[in-house]
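In mature numbering (1 follows the signal peptide of the UniProt record, and there is no 0), the protein residues as written are -37 to -1, 1 to 384. Below is one structure, written out as structure tokens; comments come after it.
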């Protein structure tokens, strides 16, 4: 690979060669011109190169030449000398002028390559790679309710206070460095939980008011869940396992296309441990489907820096389940109660997935790179285990939506290191 330093050295070598040729042209032309004049009038002439360049004698006088103004000197030399030289010397002069012009063109081409940013196609060579990403993401369900609390003017929802959590994502594959096919395998896992305590001491359940955890209702009354809660501890847990198998093709220097299969498992769990009893629920989706992604790259004029962005979309066909149970009503609410481990069950649900990423990459060396990016993900129709009940209507009856329609979104920062072999 040609580096800027190698190009600069090559340009310097060409300039040095050009200076040598210029001196040779001037010297040979001066000798030929004086030899012609000497045939007409006898005299003596010193043919030593040092005497010719910058030395004067009684027979020949030479004007000093400024080497820094090479192009002007060459033109002036050709104009002043070509009138008094023989045809052979004139032919040599034309050939040397042509060669100098070629060298000038080569120098200009090399200089333009030095100034022009190096393209990704020139930088990349076929290689294996592996990367580790530290994903700092904050999750949020469409329904993030942990507890419904009675307040003077109605009811309020106490949400789970999710914060930014760490999760790993690893990738490995082969990048051909050109427009042939490469491949990549990625695995991402998120496993985190959140909790809060509600009682009169922290004000989440004020004295004289009650809390409710509702899943299933009938005629406005809870049939699965807990009511009249005065204190309790509430837990939420989210787990995702996502694997991509995909092929890669470079469309041009700035765009990479990825296409393949994605497997995703999205699980959420909920638990309420209260003075009125306990309630547990879980929602789960597992599915396969096609995935396609585009990555856009733009190399900056600054050395080894590159901006990049990525878009991904997936459609997942799979199986979904929701289950809720409490120890007060002894009633289990179950939707799509199937064995997710069985291959006999057909796909009964469709989930969607979209991702977007924007960041900057720094190539520390040819074999290692560092990336930082903002990233957002969303998984639609994967369900949520959180209580679905809400109070509506003038009689404050309980109503609820399907827990299977909820979505999971994550937003945060990705910090990655890539090793190239």
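C-beta atoms are modelled at their ideal positions from N, C-alpha and C, and glycine is treated no differently.
| Query | Result |
| --- | --- |
| Ignoring anything shorter than 3 residues, give me the beta strand (DSSP E) runs that lie fully in the stretch 110 to 183, in order along the chain. | 117 to 122, 128 to 138, 144 to 161, 174 to 181 |
| Rounded to a whole number of angstroms, what is the C-alpha to C-alpha distance between residue 391 and residue 383? | In this structure the chain extends from -37 to 384, so residue 391 is not present and cannot be described. |
| Tell me whether the beta-carbon of residue 195 lies closer than 8 angstroms to the beta-carbon of residue 238. | yes |
| Around the C-beta of residue 349, are 16 or more other C-beta atoms found within 10 angstroms, so that it is buried, or is it exposed? | buried |
| Output the distance between the C-alpha atoms of residue 320 and residue 314, rounded to the nearest integer angstrom. | 21 angstroms |
| So, for residue 326: in the same chain, excluding its five sequence neighbours on each side, which residues have a beta-carbon less than 6 angstroms away from its beta-carbon? | 267, 332 |
| Do residue 104 and residue 277 have their C-beta atoms closer together than 8 angstroms? | no |
| Got a sec, what are the start and stop residues for the beta strand (DSSP E) residue 212 sits in? | 195 to 213 |
| With burial defined as no fewer than 16 other Cβ atoms inside 10 Å of the residue's Cβ, what is the status of residue 29: buried or exposed? | Because the pLDDT at residue 29 is just 47, under 50, the model does not fix this residue reliably, and the value given afterwards should be weighed accordingly. It is exposed - the Cβ of residue 29 has fewer than 16 other Cβ atoms within 10 Å. |
| For the beta strand (DSSP E) that residue 275 lies in, which residues bound it at each end? | 268 to 289 |
| Any idea what DSSP makes of residue 344, helix, strand or coil? | coil |
| Are there three or more Cβ pairs, one per stretch, closer than 8 angstroms when the stretch 61 to 73 is compared with the stretch 89 to 107? | no |
| State the beta-bridge partners of residue 377 as determined by DSSP. | 98, 336 |
| Give the single residue among 284, 339, 292 whose Cα lies nearest to the Cα of residue 275. | 339 |
| For residue 321, does the three-state DSSP call read helix, strand or coil? | strand |
| Does DSSP put residue 53 in a helix, in a strand, or in coil? | helix |
| If residue 260 sits next to residue 173, beta carbons under 8 angstroms apart, how far is it from one beta carbon to the other, in whole angstroms? | The pair is not a contact, with the Cβ atoms about 57 angstroms apart (cut-off 8 angstroms). |
| From the DSSP output, read off the bridge partner residues of residue 92. | 136, 383 |
| Would you tell me roughly how many angstroms separate the C-alpha atoms of residue 88 and residue 139, rounded to the nearest one? | 7 angstroms |
| Please report the distance separating the alpha-carbon of residue 290 from that of residue 191. | 15 angstroms |
| Residue 42 by DSSP, collapsed to three states: which one? | Per-residue confidence for residue 42 stands at a pLDDT of 49, beneath the threshold of 50, marking its modelled position as unreliable; no derived number is given. |
| Would DSSP call residue 314 helix, strand or coil? | strand |
| Return helix, strand or coil for residue 249, following the three-state DSSP convention. | strand |
| Could you check if residue 148 is buried or exposed, using at least 16 other CB atoms within 10 Å of its CB as the buried criterion? | exposed |
| Going by DSSP in three states, residue 369 sits in which element: helix, strand or coil? | coil |
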